[in-house]
Each structure stands twice: as C-alpha cells, then as structure tokens.
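For reference, the structure is listed below as structure tokens.
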Amino acid sequence: MAIITTVVALYYYLRFLRAMFIEPPAINTPLKMPRSMLTAVALASLLLLALGLFPNVVINVISQVQLVAAQ
Numbered sequence: 002m003a004i005i006t007t008v009v010a011l012y013y014y015l016r017f018l019r020a021m022f023i024e025p026p027a028i029n030t031p032l033k034m035p036r037s038m039l040t041a042v043a044l045a046s047l048l049l050l051a052l053g054l055f056p057n058v059v060i061n062v063i064s065q066v067q068l069v070a071a072q
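Mind the numbering: the sequence shown is residues 2 to 72 in our numbering, read in order.
In structure tokens, the structure reads:
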C-alpha cells in the first residue's frame with residue numbers, strides 16, 4: 002500500500018514541478034504588488050528569519066513578560 006501512495010504522490014509532485022519550471026507561463030507579465038503588501042511580506046520574512054536565528058531572545062522576553070504579568 003505504501004508503494005502505491007508513493008507512486009501517486011510522485012506523479013502528482015512531478016506534474017506540479019513540470020508545470021512550474023518546464024512549461025512556459027500562461028501569462029507573461031510580471032505581477033505588480035502594492036508597496037504596502039511588499040512591506041508586509043518583507044517585515045514578516047525578516048521577523049521569521051530573526052525568530053529562526055535567535056529563538057532564545059524571544060523565549061527570554063516572553064518568560065519575562067509572564068513573570069511581570071504574574072505579579
């Protein structure tokens with residue numbers, strides 16, 4: 002059973018990758034993002050990167066906030 006589901010998943014993902022990288026795009030014009038959306042995506046990306054690189058800083062801040070809130 003595992004082999005069958007693996008083959009089905011492989012077929013699905015290879016089809017997906019072919020559509021992304023091999024076939025020509027259906028629309029050739031680049032997408033235009035508003036500046037506010039670009040700012041939000043950039044801020045979220047930087048925050049995610051910072052949380053991934055420095056998780057102890059966030060954990061320490063949260064634990065300090067909990068201690069202050071518990072008083």
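Even glycine gets a Cβ: it sits at the ideal position worked out from N, Cα and C. These figures come from a predicted structure and were not determined experimentally.
Given residue 24 as reference, the closest of 15, 31, 32 once Cα atoms are compared: The residue given as residue 24 occupies position 23 in the sequence shown. Looking at the Cα atoms, 15 is the closest of the given residues.
Terminal residues of the alpha helix (DSSP H) in which residue 7 lies: Indexing the sequence shown from 1 puts residue 7 at position 6. In this chain, the alpha helix (DSSP H) harbouring residue 7 covers 3 to 22.
Mapping DSSP to helix, strand and coil, what is residue 27? For the purposes of this step, residue 27 is identified with residue 26 of the sequence shown, where counting begins at 1. Correct three-state label for residue 27: coil.
Below 8 Å between beta carbons: does that hold for residue 68 and residue 59? Along the sequence shown, read from residue 1 onward, the residue named residue 68 stands at position 67. Along the sequence shown, read from residue 1 onward, the residue named residue 59 stands at position 58. No, they are not a contact pair.
Leaving aside the five residues before and after residue 10 along the sequence, list all residues of the same chain whose C-beta is less than 7 Å from its C-beta, in chain order. For the purposes of this step, residue 10 is taken as the residue at position 9 of the sequence shown. Within the same chain, residue 10 has no close Cβ partners at all.
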